[in-house]
Each structure stands twice: as structure tokens, then as C-alpha cells.
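For reference, the structure is listed below as C-alpha cells.
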Amino acid sequence: MIADHPDQLFLAQEDGATNAIDLNEGSMNANILSGTLQATGSTYRSTQQIDSDTAANTAALNVKLIRPHENDIPADDDNPYCRWVCTLNEHFYGDTIAGV
Amino acid sequence: MPKNMALYDASFGFIPYGPVLRVQRYAVNTAPVLNFSPGDVVLPGGAIVSTPKGYLMDVLDAVVIVTATPALGAITSVEDEDGAPLQYMAAGRVGNGTIAGYLMIADHPDQIYLAQEDDGGSVAIDLVDGSMNADIASATVDAPNTETGRSTQQIDSSSIATTATLTIKLIRPHEDDIPAVDASPYVRWVCQINEHHYGDTIVGVT
Chain A
116 MIADHPDQLF
126 LAQEDGATNA
136 IDLNEGSMNA
146 NILSGTLQAT
156 GSTYRSTQQI
166 DSDTAANTAA
176 LNVKLIRPHE
186 NDIPADDDNP
196 YCRWVCTLNE
206 HFYGDTIAGV
Chain B
174 MPKNMALYDA
184 SFGFIPYGPV
194 LRVQRYAVNT
204 APVLNFSPGD
214 VVLPGGAIVS
224 TPKGYLMDVL
234 DAVVIVTATP
244 ALGAITSVED
254 EDGAPLQYMA
264 AGRVGNGTIA
274 GYLMIADHPD
284 QIYLAQEDDG
294 GSVAIDLVDG
304 SMNADIASAT
314 VDAPNTETGR
324 STQQIDSSSI
334 ATTATLTIKL
344 IRPHEDDIPA
354 VDASPYVRWV
364 CQINEHHYGD
374 TIVGVT
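Chains A and B supply the protein sequences, listed in that same order. Each residue of the first sequence is one higher than the one before, counting from 116 in the numbering used here. Each residue of the second sequence is one higher than the one before, counting from 174 in the numbering used here.
Okay, structure coming up:
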């Protein structure tokens with residue numbers, strides 16, 4: 116079952132490598148980082164994260180950042196695993212998207 | 174009794190029409206150049222700001238909305254730095270020295286709005302132009318109606334075109350208004366944002 120609405124908001128953790136996402140990058144786009152074959156360990160939860168290093172204003176990135184989770188302190192390179200509210204920027208059901 | 178509001182120049186900005194799909198809180202940095210009032214369509218600022226209500230995205234507070242720039246949505250209410258309601262936020266408001274206050278913004282990219290067309294030089298939007306795109310006309314520094322506190326933004330009638338980079342897309346006239354009459358050109362139009370920050374494959378903001 117997939118939450119597939121193109122305007123759905125999501126919460127995801129940034130990977131914090133090499134640095135945390137800066138405050139002035141908080142309205143940028145970013146890519147998604149996936150583990151090899153999505154190995155999930157004992158919880159079977161996804162290990163996908165926001166790839167902090169990819170934050171840029173480039174249109175062709177997967178997600179758009181909206182704001183940090185209200186309980187997390189962003190832009191701290193010593194604690195760089197901030198959760199971000201985000202939406203998919205490149206969505207299959209979006210506008211003027213190629214078929215597959 | 175329906176009232177043809179095309180007869181009256183009574184702008185009110187852009188108000189959600191029909192269901193409100195989503196409203197989120199945003200921050201205004203201290204001492205903004207612009208005024209902010211309910212009904213104003215605003216642009217994203219590009220930074221996260223630490224506020225008493227958590228880390229929030231700011232809005233662009235220096236320039237009014239311009240063509241070919243993705244918009245964030247329309248303001249539904251305005252709060253001061255403590256979260257108390259304001260009629261509108263005046264330009265230059267200092268607040269707590271970091272933020273001037275908060276804006277609640279209807280920011281869903283599919284949100285439908287109602288807005289008045291300006292007189293476009295006393296020429297109303299034609300019926301054959303009623304599915305076109307248009308830009309938003311703003312007063313200098315988004316000055317509101319200081320009596321009501323409402324936005325004075327309008328649909329810029331003379332910007333009507335098929336151009337993809339215009340800010341809004343017209344859907345239909347309000348059911349009570351008679352469109353395309355040059356002598357009474359203040360028709361309210363149902364419309365939505367054509368260039369939206371949360372649209373698809375839109376550049377990020379710095």
C-alpha cells in the first residue's frame with residue numbers, strides 16, 4: 116500500500132553525511148539515499164533517508180524540504196539526524212511527467 | 174439575493190474558495206519591507222528560522238510577488254510574535270527582534286481561490302480569455318486596506334495570456350458576477366496558483 120498522492124507530506128530523517136542541512140538550505144530540494152537492496156535489520160523499517168549533501172535548488176531532485184520536525188534542532192553538525200517535513204518534488208502523478 | 178460584484182471595486186486579495194486543503198504556519202523575519210495581510214499571495218523566503226513556535230520556513234519579505242516566480246500560497250490569518258492575532262502585519266514591525274510574527278498560509282498547490290480582477294485600464298477580462306493565466310497586481314509594499322486589514326492584491330487583467338510562467342490560472346467567474354463588461358470590470362474569478370513552490374519539479378529556494 117503506497118501513499119501516492121503527489122501533494123502528500125512526509126517525515127524523514129536526514130543522513131547527516133557529511134554535514135547537517137543548514138538553515139539557509141531548509142527550503143531547498145534534495146535526493147533520497149537508499150541502502151543496498153533496502154536491508155532493514157531487525158525492525159524491517161525502511162532505511163531511506165534524505166541525502167543531506169544533495170540539498171540544492173536544482174529542480175530535478177526527489178524531495179522538497181518544508182521545515183524541521185518541531186522537536187528537532189536542525190543545522191547541528193554534531194547531531195545531524197534532523198527529521199524534516201518534506202514533499203515529493205518529482206512525482207509520477209505530478210504535472211507534465213513522462214509515462215513509464 | 175445574488176449581487177453582481179463586478180460593479181464594485183472592492184478588492185479582498187485571494188481567499189480560499191471551497192474546501193481549504195491545507196494551512197501551515199510560516200515566519201516573517203523582523204522588520205519586513207512588506208506589509209502582510211489576509212489574502213496576500215506570498216513567496217517563499219528560502220531559510221529556516223528559529224521561533225518560539227519551533228523552526229519554521231520564512232517568507233520573502235522584501236519584494237512583492239512577481240511573474241515567473243513560484244508562489245507559496247495565500248495568507249489566511251496573521252499573528253504577532255507571541256501568536257496573538259493581528260488585523261495585518263505592518264511593514265517594519267520588529268516583533269521580538271528575530272521574527273515580526275507568523276503567517277498561516279493556505280499552501281496546498283491545488284487550493285482554489287477567489288480574487289477580484291483589476292480594471293486593467295477599464296477593460297474587463299473577455300470570455301475567451303477565461304481559461305488563461307494571469308499575474309497578480311500588488312500595491313507598493315503590499316499595502317493593505319488599513320480599515321479592513323484585508324489584502325488589496327488583485328488579478329492583473331491586462332496580463333492575461335496563455336504563457337505558462339504566469340502566477341495564476343483562471344477557472345471561472347464567480348456565479349453572481351457578470352464577466353466581460355468593460356463598464357463593470359471588477360469580476361471575482363475562481364482561480365488557482367499556476368506556479369506553486371510545492372508544485373512538481375520546481376527549483377528549491379535559497
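Glycine is no exception: its CB is placed at the ideal position from the N, C-alpha and C atoms. Fair warning: this is a prediction, and the values are worked out from it, not measured in the lab.
Proximity below 7 Å, CB of ILE309 (chain B) to CB of ILE278 (chain B): no
Where GLN327 (chain B) falls, given that 16 or more other Cβ within 10 Å makes a residue buried: buried
Proximal residues, the region 172–189 of chain A versus chain B, C-beta separation under 9 Å: ASN172, THR173, ALA174, ALA175, LEU176, LYS179, LEU180, ILE181, ARG182, PRO183, HIS184, GLU185, ASN186, ASP187, ILE188 and PRO189
With a threshold of 7 Å between beta-carbons, can MET143 (chain A) be considered close to chain B, or not? yes
Return no unless some Cβ of chain B is closer than 7 Å to the Cβ of THR202 (chain A). yes
Short-range partners of chain A found in the region 266–300 of chain B, where Cβ spacing is below 7 Å: HIS281, PRO282 and ASP283
Taking 7 Å as the CB-CB cut-off, is MET174 (chain B) touching chain A? no
Assuming PRO153 (chain B) contacts GLN284 (chain B) (C-beta within less than 8 Å), just tell me the rounded distance between them. Residue coverage of chain B in this structure runs from 174 to 379, which leaves residue 153 (chain B) outside it and unanswerable.
For SER305 (chain B), return the contacting residues in chain A, with the cut-off set at a CB-CB distance below 8 Å. The question names Ser, yet the displayed sequence has Met at residue 305 (chain B). Near MET305 (chain B) there are no residues of chain A at all, since even the closest Cβ is about 17 Å away, more than 8 Å.
Simplified DSSP assignment, three categories, for MET178 (chain B): helix
Going by C-alpha to C-alpha distance, which of B:ILE341, B:VAL360, B:MET262 and B:THR340 sits closest to ASP349 (chain B)? B:VAL360
For the beta strand (DSSP E) holding CYS197 (chain A), just list the boundary residues, first then last. From DSSP, CYS197 (chain A) is part of no beta strand (DSSP E); its letter is neither H nor E.
For the region 181–193 of chain B, which residues have a beta carbon sitting closer than 7 Å to at least one beta carbon of chain A? none
By the three-class DSSP mapping on this structure, what secondary structure does THR224 (chain B) have? strand
DSSP on THR393 (chain B), reduced to helix/strand/coil? The question about residue 393 (chain B) has no answer, for chain B in this structure spans 174 to 379.
Can you pull the chain A neighbours of ASP234 (chain B), defined as C-beta to C-beta under 7 Å? Here the premise fails: no neighbours, minimum Cβ distance about 14 Å.
Assigned secondary structure, THR169 (chain A) (DSSP; H/G/I helix, E/B strand, else coil): strand
Please state the DSSP three-state secondary structure of ASN217 (chain A). Beyond the ends of chain A as shown, which are 116 and 215, falls residue 217 (chain A); an answer cannot be given.
Find the residues of chain A that neighbour ASP373 (chain B), judging by a C-beta separation of less than 8 Å, and give them in chain order. PRO121, ASN204, GLU205, HIS206, GLY209, ASP210, THR211 and ILE212
Quick check on this structure: which residue in B:SER311, B:ASP315, B:SER331 and B:ALA263 has the alpha carbon closest to the alpha carbon of GLY303 (chain B)? B:SER331
Hey, would you say CYS364 (chain B) sits closer than 7 Å to LEU343 (chain B), going by beta carbons? yes
Would you verify that the beta carbon of ILE238 (chain B) is, or is not, closer than 7 Å to some beta carbon of chain A? no
Looking only at its own chain, which residues have a Cβ that is under 6 Å from the Cβ of ALA190 (chain A), when we skip the five neighbours before and after it? ALA135, ASP137 and LEU138
Whether or not the region 240–256 of chain B and the region 181–196 of chain B are in contact is what I'm after, with contact meaning three or more pairs of Cβ atoms, one per stretch, closer than 8 Å; do they touch? yes
Helix, strand or coil at LEU194 (chain B) according to DSSP, with G and I counted as helix: coil
Thinking just about the alpha-carbon of each residue, which of A:ALA118, A:ASP122, A:ILE117 and A:MET116 is nearest to the one in LYS179 (chain A)? A:ASP122
Cβ-based burial, ASN186 (chain A) [other Cβ within 10 Å; buried from 16]: exposed
If you follow the beta strand (DSSP E) that MET277 (chain B) is part of, which residue opens it and which one closes it? 272–279
For PRO183 (chain A), report the span of its beta strand (DSSP E) as first-last. 178–183
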